[in-house]
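Protein chains in written order, with the numbering used here: chain A, 7 to 116; chain B, 26 to 138.
No residue lacks a Cβ here, since even glycine has one placed at the ideal position from N, Cα and C.
Source: prediction; values computed, not measured.
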């Protein structure tokens, strides 16, 4: 397909790990991004990964990149209620713009 | 830290009114963007600008125009607001250099009655 695709919804229990998946479109993308949007707010950059990396870890966040399958994932360890938000993956396109996925709403149950 | 501000968090306007949404960034970024966000549709690009007085149409420019008279400021204009323009509007900026990260403002939730 032509779109950056994500599942719409994920529900986990507090303390569990969350894995949010994304399929992107362009195998030559140099960077791939994860953004977080809390209720009523704008998007904030969580992390990005350079395409020559398979994995990037930043505290509770782990990004995995499978270039062959054009698959990106974001793992949040020890998920907290404050992690409840919408998570967007994005890839660059022509002109240094970004194409965003539709967003995955993460709900964390206490 | 990059700061992108938008003039209003919430705005209520009537059909047919002219609406101005303002966005200001403080990092001397070349690129600025306007998106709208609707449930189930994700983010859709309305207009973007690579430089002062330059503008390019995005995916859904109809019913909108923009103005960039100064580098730090990018305005979105709804010439005659309609109810189908009720949405969350997000402004972003980027330096245009790798890693091409875009930085977002807090958003303006516009309701057109």
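Simplified DSSP assignment, three categories, for residue 63 (chain B): Looking at residue 63 (chain B) - three-state DSSP - the assignment turns out to be strand.
Cα-Cα separation, residue 91 (chain B) to residue 66 (chain A): Each residue's alpha carbon lies about 40 Å from the other.
Assumed close pair residue 85 (chain A), residue 69 (chain A) - CB separation to whole angstroms, cut-off 8 Å: Rounded, the Cβ-Cβ distance is 16 Å, inconsistent with contact.
Interface flag, residue 45 (chain B) vs chain A, CB-CB below 7 Å: At least 7 Å separates the CB of residue 45 (chain B) from every CB of chain A.
Neighbouring residues, chain B, relative to residue 113 (chain A) (Cβ below 9 Å): Here the premise fails: no neighbours, minimum Cβ distance about 15 Å.
Contact with chain A by residue 99 (chain B), beta-carbon distance below 7 Å: Residue contact check for residue 99 (chain B) against chain A: no CB pair falls below 7 Å.
Closer than 8 Å at the beta carbon, the chain A residues around residue 119 (chain B): What residue 119 (chain B) touches in chain A: 102.
Residue-level contact to chain B via CB, residue 106 (chain A), 7 Å cutoff: Residue-level contact by beta carbon holds for residue 106 (chain A) and chain B, with a gap shorter than 7 Å.
For residue 69 (chain B), the nearest candidate out of A:91, A:111, A:10 and A:116 (CA to CA): Comparing Cα-Cα distances from residue 69 (chain B) to each of A:91, A:111, A:10 and A:116, the minimum goes to A:10.
Among B:61, B:28, B:109 and B:67, nearest to residue 39 (chain B) - alpha-carbon criterion: Comparing alpha carbon positions, the residue from B:61, B:28, B:109 and B:67 closest to residue 39 (chain B) is B:109.
Buried versus exposed call for residue 106 (chain A) [16 or more other C-beta atoms within 10 Å across all chains shown]: By the Cβ neighbour-count rule, residue 106 (chain A) is buried, with 16 or more other Cβ atoms within 10 Å of its own.
Environment of residue 118 (chain B) [buried if 16+ CB atoms lie within 10 Å]: By the neighbour-count rule (16 or more Cβ atoms within 10 Å), residue 118 (chain B) is buried.
Residue-chain proximity (residue 47 (chain A), chain B), Cβ-Cβ < 7 Å: Yes, because at least one Cβ of chain B sits closer than 7 Å to the Cβ of residue 47 (chain A).
Among A:102, A:62 and A:92, the one whose alpha carbon lies nearest that of residue 35 (chain A): Closest in alpha carbon position to residue 35 (chain A), among A:102, A:62 and A:92, is A:102.
Cβ-based neighbour list, residue 39 (chain A), same chain, cut-off 6 Å, excluding 5 preceding and 5 following: Answer for residue 39 (chain A): 54 and 96, listed in chain order.
Beta strand (DSSP E) runs contained entirely in the region 39-64 of chain A, provided each spans 3 or more residues: For the beta strand (DSSP E) assignment, the uninterrupted runs of no fewer than 3 residues enclosed by the region 39-64 of chain A are, from N- to C-terminal side, 49-56 and 61-64.
Contacts that residue 50 (chain A) makes with chain B (C-beta to C-beta distance below 9 Å): For residue 50 (chain A), the chain B residues whose Cβ falls inside 9 Å of its Cβ are 128 and 129, in order along the chain.
Residue-level contact to chain A via CB, residue 41 (chain B), 7 Å cutoff: Closer than 7 Å to the CB of residue 41 (chain B) there is not a single CB belonging to chain A.
Closer than 8 Å at the beta carbon, the chain A residues around residue 115 (chain B): Under the 8 Å cutoff, chain A gives 48 and 49.
Local conformation of residue 110 (chain B) per DSSP, three classes: If DSSP states are grouped into helix, strand and coil, residue 110 (chain B) belongs with the helices.
Own chain, CB closer than 7 Å to residue 76 (chain B), minus 5 neighbours either side, in chain order: Cβ within range, chain order: 55.
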